[in-house]
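Count along the sequence shown from 1, add 20, and you get the number used in the numbering used here.
Ideal Cβ placement from N, Cα and C applies to all residues, glycine included.
Here the structure is a predicted model, which is why all the values come from computation and not from measurement.
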Amino acid sequence: MRIPGFASIVVTGCIALAGPSALAQTASSGDVFTYKLEKTARFETGCFAMCDCAIVTHPIQGTFTLQHTGFDPLYDYYAVTDVRWVVSDATTYATIHGSGTYKRGGEFALTHQLTLDLTVDGEAPQHFDSGMIVGGSEWPRIVIDVSMHQNSACVDTLIHVDATDPIATGISSTGGLQAPWVKVAPNPFRGATEFSLAVPRASEVKVVVYDASGRAVRHLRSGWMASGVHPLVWDGRRDSGSSCASGVYFVSARVGTEHLTSRIVKVD
């Protein structure tokens, strides 16, 4: 049975972040990971604004691929490809295909956005967008709602995406670490601050501090690091030994094929 009107879709995608001050991802540019929708993912049509009509919910299953395409001091960017979903229950069957983008990060709060161009049962592609909203702390799990009208129209189609990369989220190691993370304290700081870097398994690590314009100011660590949580101290100085001015900086940590970024504020 085809879903009537293609009016409301909800997708929940889950991406988990292991540290509250960290922006983490499962892969460096070029690596592709297969994500699978969880049981909580759903496809919804109906009234999501102040209108009087029922919301009809159907389960949705399937996979998509996620590829890290780049990052800047604020966001990590991903390509979403090969969307292959099926809406199926006792009364409904529909296939969904498409692609899109995902971004995650932020300056003052962790935010994320998922956009998808989807075709349902061969109909014309429709654009779905979550908008830039607070969230993304579940990384590498993605949990987010995308809709055609972002709940601004009485009748809408919404997809609740709840998705995980089974390989990334299944990794375990000494100390129970499942993903790398970085925490900074104090932040803001005067004089010096300490990074706690979690390494789930022995990996090649590179830690660099960048200024707000993206220039590297201090190289803190480059080389092999054992699994565990490691302290690293930045004294607020450049590689040359001169003191950095007060302002916003970013610590970038490469742990194997993974990349994390955290915002730091230096005050005089």
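Same chain only: Cβ atoms within 7 Å of residue i, ignoring 5 sequence neighbours per side
| i | result |
| --- | --- |
| V275 | P200, V219, S223 and V225 |
| V230 | With the sequence shown as reference, residue 230 is identified as Tyr, and Val is not the correct amino acid for it. Correct list, in chain order: P93, A236, V237, Y269, F270 and S272. |
| S242 | K226 |
| F128 | none |
| V285 | N207, P208 and V268 |
| H239 | V228 and D259 |
C-beta atoms of residue i and residue j nearer than 8 Å
| i | j | result |
| --- | --- | --- |
| V268 | R283 | yes |
| G63 | V103 | Rather than Gly, the amino acid found at residue 63 in this sequence is Phe. No, these two residues do not count as a Cβ contact at 8 Å. |
| D149 | G118 | no |
| Y122 | T83 | no |
| G125 | Y95 | yes |
| D141 | A114 | yes |
| G66 | V76 | yes |
| V204 | T213 | yes |
| A173 | A69 | yes |
| S262 | G256 | no |
| P206 | D185 | no |
Residues near residue i in its chain [Cβ-Cβ closer than 6 Å; skip 5 each side]
| i | result |
| --- | --- |
| V287 | P208, R210 and S266 |
| E58 | D182 |
| M152 | T131 and Q133 |
| T85 | V52, T54, T101 and D102 |
| I164 | G33, L134, S150 and V181 |
| H169 | D176 |
| V249 | S216 and A218 |
| P145 | D137 and T139 |
| W105 | I80, G82 and I116 |
| H78 | F63, V107, D109 and T112 |
| C71 | C174 |
For residue i, the residue or residues it bridges with in DSSP
| i | result |
| --- | --- |
| H117 | R104 and T139 |
| Q133 | K123 |
| T65 | V76 and T177 |
| V249 | A218 |
| R210 | Its beta-bridge partners do not exist; DSSP assigns none. |
| P182 | Sequence check: residue 182 is Asp here, not Pro. V163. |
| L57 | A183 |
| G151 | Beta-bridge pairing links G151 to no other residue. |
| D231 | Y269 |
| F84 | Y55 |
| V225 | G243 and V275 |
| S263 | R257 |
| A99 | Q87 and T121 |
| V202 | L217 |
Close-in-space but distant-in-sequence residues of the same chain around residue i (CB under 8 Å, 5 per side omitted)
| i | result |
| --- | --- |
| W244 | A222, S223, E224 and V225 |
| S260 | none |
| V166 | I29, V30, V31, L134, T135, L136, F148, D149, S150, L178, I179 and V181 |
| G155 | L130, T131, H132, V163 and I164 |
| A232 | P93, G267, V268, Y269 and F270 |
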